[in-house]
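Working notes for the structure below.
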Amino acid sequence: MFQKEQQAIEAKIRAYCAQNDIPLSTLKWSPIPFSGEWGISTSFFQTAADEARAGRGGKPVPQRAQEIAEQVKSQIGNVEGISHVEAVKGYLNLYFLTSEYARRVVDEILASRADFGRGPVKNERVMVEYAQPNTHHSFHIGHARTTLLGESLARIMEFAGFDTIRASYPGDIGLGVITILWAYDKFYKGQEPQGVHERGQWLLKIYAEATAMLEPKENETPEEKARREACDTERREMYRKWDAGDKYVRDLWLETREWSLEELRDILSMLDIKIDVWFYESEVDEPSKAIVEELLQRGIAEDERPQGGPVIIKIDEKLGLTKEKYRTAVILRSDGTSLYLTKDLALAKVKFKQYHVDRSIYVVDFRQNLHFQQAFKILELWGFPQAAKCYHLSYGYITLPEGAMSARRGRVVLFKDVADEAVKRVLAVESEKSGDIPEGEREKIAAQIGLGALAYSILSVDNNKDIVFDMDAALSFDGRTGPYIQNAHVRANSILKKAGAVPEKADFSDTLDPHEIQLIDLLSRFPGTVEQAANEYRPLVMAAYAHDLANVFHSFYHAVPVLQTDDPKIRDARLRLVAAAKQVIANALRLLDIQAPDVM
RNA sequence: GCCCCCGUAGCUCAAUGGACAGAGCAACUGCCUUCUAAGCAGGAGGUUGUGGGUUCGAAUCCCGCCGGGGGCGCCA
Numbered sequence: 179m180f181q182k183e184q185q186a187i188e189a190k191i192r193a194y195c196a197q198n199d200i201p202l203s204t205l206k207w208s209p210i211p212f213s214g215e216w217g218i219s220t221s222f223f224q225t226a227a228d229e230a231r232a233g234r235g236g237k238p239v240p241q242r243a244q245e246i247a248e249q250v251k252s253q254i255g256n257v258e259g260i261s262h263v264e265a266v267k268g269y270l271n272l273y274f275l276t277s278e279y280a281r282r283v284v285d286e287i288l289a290s291r292a293d294f295g296r297g298p299v300k301n302e303r304v305m306v307e308y309a310q311p312n313t314h315h316s317f318h319i320g321h322a323r324t325t326l327l328g329e330s331l332a333r334i335m336e337f338a339g340f341d342t343i344r345a346s347y348p349g350d351i352g353l354g355v356i357t358i359l360w361a362y363d364k365f366y367k368g369q370e371p372q373g374v375h376e377r378g379q380w381l382l383k384i385y386a387e388a389t390a391m392l393e394p395k396e397n398e399t400p401e402e403k404a405r406r407e408a409c410d411t412e413r414r415e416m417y418r419k420w421d422a423g424d425k426y427v428r429d430l431w432l433e434t435r436e437w438s439l440e441e442l443r444d445i446l447s448m449l450d451i452k453i454d455v456w457f458y459e460s461e462v463d464e465p466s467k468a469i470v471e472e473l474l475q476r477g478i479a480e481d482e483r484p485q486g487g488p489v490i491i492k493i494d495e496k497l498g499l500t501k502e503k504y505r506t507a508v509i510l511r512s513d514g515t516s517l518y519l520t521k522d523l524a525l526a527k528v529k530f531k532q533y534h535v536d537r538s539i540y541v542v543d544f545r546q547n548l549h550f551q552q553a554f555k556i557l558e559l560w561g562f563p564q565a566a567k568c569y570h571l572s573y574g575y576i577t578l579p580e581g582a583m584s585a586r587r588g589r590v591v592l593f594k595d596v597a598d599e600a601v602k603r604v605l606a607v608e609s610e611k612s613g614d615i616p617e618g619e620r621e622k623i624a625a626q627i628g629l630g631a632l633a634y635s636i637l638s639v640d641n642n643k644d645i646v647f648d649m650d651a652a653l654s655f656d657g658r659t660g661p662y663i664q665n666a667h668v669r670a671n672s673i674l675k676k677a678g679a680v681p682e683k684a685d686f687s688d689t690l691d692p693h694e695i696q697l698i699d700l701l702s703r704f705p706g707t708v709e710q711a712a713n714e715y716r717p718l719v720m721a722a723y724a725h726d727l728a729n730v731f732h733s734f735y736h737a738v739p740v741l742q743t744d745d746p747k748i749r750d751a752r753l754r755l756v757a758a759a760k761q762v763i764a765n766a767l768r769l770l771d772i773q774a775p776d777v778m
């Protein structure tokens, strides 16, 4: 936002160093960490170190850096827009003409509104693949992580300027799915609970029952063993029939799959998520087999089927690596059926060829790290240049205090249960604290806040960290939480509502309170934060920013009167600042897939 | 055996190689007749697992070790 001033200063520094034969290194600028006044800084440590290395100087580097900073400072003189310059501890600090820049920041935010912070168009298409539970059972809190991380990242990428496609790739086939289908058909056919979520939960229960039934038990009698094996045979026979396209099995499968998808769509709509493209695992099964042939013909894959083995790719060998890193991947079973990796290769080809994706992001848990490393390397060997821009956003598991969640064992925390509990808790607080919310709005706002708490608790942990799910922590409303940020938005709105209208313009020439400067400072950093979050594929960066901004706003709110100010000039400036803060909080929350209510 | 990730305050987590390692929770002290107290202000809490190295400068980069987690040709 202050490129012009920065460049003017840089030019002066360069000129000075050139004149005095100082080997200036690249100048890196960063915001000054201390609050109270507003500026940017750069340091001369690298330059001093380069000088010393060249055999000149002889003074300790920090001392020399300070010396250069002081000399540069004395040479800079007046620069338009810069109030003063200081040389401290080897740093050169530039402080802006506060009033002018305050106005500039606020004006820009209020002119751009919801677009403030949007990055320049990148001319690059990115596909984010996320929100992909296995079908045929209910959506649990672990699925919420891929869903929220993916959606937040998609929003961030889109806002940063990428042409963004949201994709989901549900696992709709596999032995687990068939197990449920088999048990449903054998024991529960014709039954069907009412309610989208009830049905999913019921299937989950059937899954746990069936798994228990099919697992070998200790001390089982010969009869039990025989019964179990008979069941297993039936199940596998059903898988074979599915594979052969048997109409009865396929119809049953499609019908029950639709139950799960209905539940998934309901949850996605609850979270305001619109997936653009659905890929189903079952649909890439056939194309993936053709790809194996192609890889064989190209000499990338090796066929061990004549020896009774599978089709493999010796990735390390192909790359000329001596250490085991990518290892050997199996891409076709010896019986000719495809694998997870095979399907991902087929899917990648569809993404590149059909959707013209330049950059592909997979939001999938960390246990599949090797899988994706292999997949990306194979794509590279296969000759796709996009392979270099494939990124596996590997996230840690959400576990329970008693251990990992397991759908097969029925040990899960259901998303719907958490969401319901969240709304219930918010309503309890609302009835106590928010008497002025109309009855009809309560439920809606409770959902916004409850889901905001849940979303923030997940997005405020860095991608690769595990989360141990604790209901009270996830639904906390105090401190570093979603509702804390939403509350800052509500308070800003409250002032604006009382004020009636936001002035068209205002000037900030009166002395600004440090709280105001800190707030303006943070507001001005929003565009850079969007860029950083997108570059690093980390919603956490935005989550941390949103909290910092809310924190500064809350402090401002307490310390700085707005409507109670007598001076109309100051009042106007502060009103515009509050409006700008409200806007940026809303923009940040939107990128986190969290609603910004006007009252709570 | 090999590969990857992690180790920061009592707990949960932050910190583009830069200034004094920051928040929240928990505990403690104040602040509601005021624009919403779902809030604010304050003090307290640290040998960044450990030993070396690179660097003017390391929580951050490199090597070793300790501890935890994940993965390693026909599961997804």
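Take the first sequence: its letters are residues 179 to 778, numbered as in the working numbering. Built from N, CA and C at the ideal position, the CB exists for glycine as well.
Please name the residue in the options whose C-alpha comes closest to that of residue i.
i	options	result
Gln181	Ser702, Gln761, His315	Ser702
Gly217	Tyr269, Thr313, Lys237, Phe593	Tyr269
Arg418	Ala600, Arg476, Leu353	Leu353
Gln564	Val528, Ala585, Lys594	Val528
Leu331	Met778, Phe274, Arg768, Leu517	Arg768
Asp699	Pro394, Ala774, Ile210	Ile210
Val646	Gly320, Ala227, Gln184	Gly320
Arg414	Trp380, Phe365, Ile358, Phe457	Ile358
Ile753	Asp429, Phe731, Ala684	First, the amino acid is wrong: residue 753 is Leu here, not Ile. Selected option, being the one with the closest Cα: Ala684.
Ser447	Met391, Ile343, Ala309	Ala309
Glu495	Val489, Ile478, Pro488	Ile478
Asn312	Leu381, Ser221, Ile451, Ile343	Leu381
Met391	Asn397, Pro400, Glu407	Glu407
Glu245	Ile260, Gly259, Ala227	Ala227
Glu248	Cys195, Asn547, Glu393, Ser203	Cys195
Ala600	Lys622, Leu578, Ser612, Ile627	Ile627
His534	Leu432, Phe222, Phe562, Phe544	Phe562
Leu449	Ala758, Thr689, Arg323, Pro348	Arg323
Trp456	Thr515, Lys531, Ile343	Ile343
Note down, in chain order, each residue of its chain lying with its Cβ closer than 6 Å to the Cβ of residue i, except the 5 sequence neighbours on either side.
i	result
Trp437	Arg377
Ile673	Val740, Val756
Arg749	Thr743
Val462	Lys521, Ala524, Leu525
Ala670	Val756, Ala759, Lys760
Going by DSSP in three states, residue i sits in which element: helix, strand or coil?
i	result
Phe789	Because residue 789 is not part of the residues shown, which for the chain are 179 to 778, the question remains open.
Ile627	helix
Thr520	helix
Ser572	strand
Asp284	What sits at residue 284 in the sequence shown is Val, not Asp. Val284: helix per DSSP, three-state reduction.
Met583	coil
Ile334	helix
Asn665	helix
Lys492	strand
His262	strand
Thr389	helix
Arg589	strand
Val762	helix
Val508	strand
Leu578	strand
Please work out which residues of its chain come closer than 8 Å, Cβ to Cβ, to residue i, disregarding the five sequence neighbours upstream and downstream, and give them in chain order.
i	result
Lys567	Asp536, Arg537, Ser538
Asp363	Met416, Leu430
I'd like to check one pair, residue j with residue i: are the Cβ atoms closer than 7 Å?
i	j	result
Ala624	Leu653	no
Ala666	Ala728	yes
Tyr504	Lys555	yes
Ser460	Ile351	yes
Gln379	Ser316	yes
Asp644	Gly574	yes
His306	Gly339	The amino acid occupying residue 306 in the given sequence is Val; His does not appear at that position. No, these two residues do not count as a Cβ contact at 7 Å.
Phe686	Arg281	yes
Pro488	Leu510	yes
His262	Tyr273	yes
Residues in the same chain with beta-carbon distance under 7 Å from residue i, minus the five sequence neighbours each way, listed in chain order, please.
i	result
Ile334	Val708, Ala711, Ala712, Pro717, Met720, Leu769
In chain order, each beta strand (DSSP E) run of at least 3 residues that lies wholly inside the segment 451 to 486: Runs found: none.
In chain order, each alpha helix (DSSP H) run of at least 4 residues that lies wholly inside the segment 203 to 256: You should have 223 to 231, 239 to 254.
Segments of 4+ residues assigned as alpha helix (DSSP H) that fall wholly inside the segment 667 to 742: Within the segment 667 to 742, the complete alpha helix (DSSP H) segments at least 4 residues long are 692 to 702, 704 to 714, 717 to 737, listed from N- to C-terminus.
3-residue-minimum beta strand (DSSP E) runs that sit fully inside the segment 535 to 561, ordered along the chain: Correct list: 537 to 543.
Length-filtered (3 minimum) beta strand (DSSP E) runs lying within the segment 341 to 409: If we require 3 residues or more, the beta strand (DSSP E) runs fully inside the segment 341 to 409 come out as 341 to 346.
Ordered list of beta strand (DSSP E) runs contained in the segment 269 to 331, each at least 3 residues: Every unbroken stretch of the beta strand (DSSP E) spanning 3 or more residues and falling wholly within the segment 269 to 331 is given here in chain order: 269 to 274, 303 to 307.
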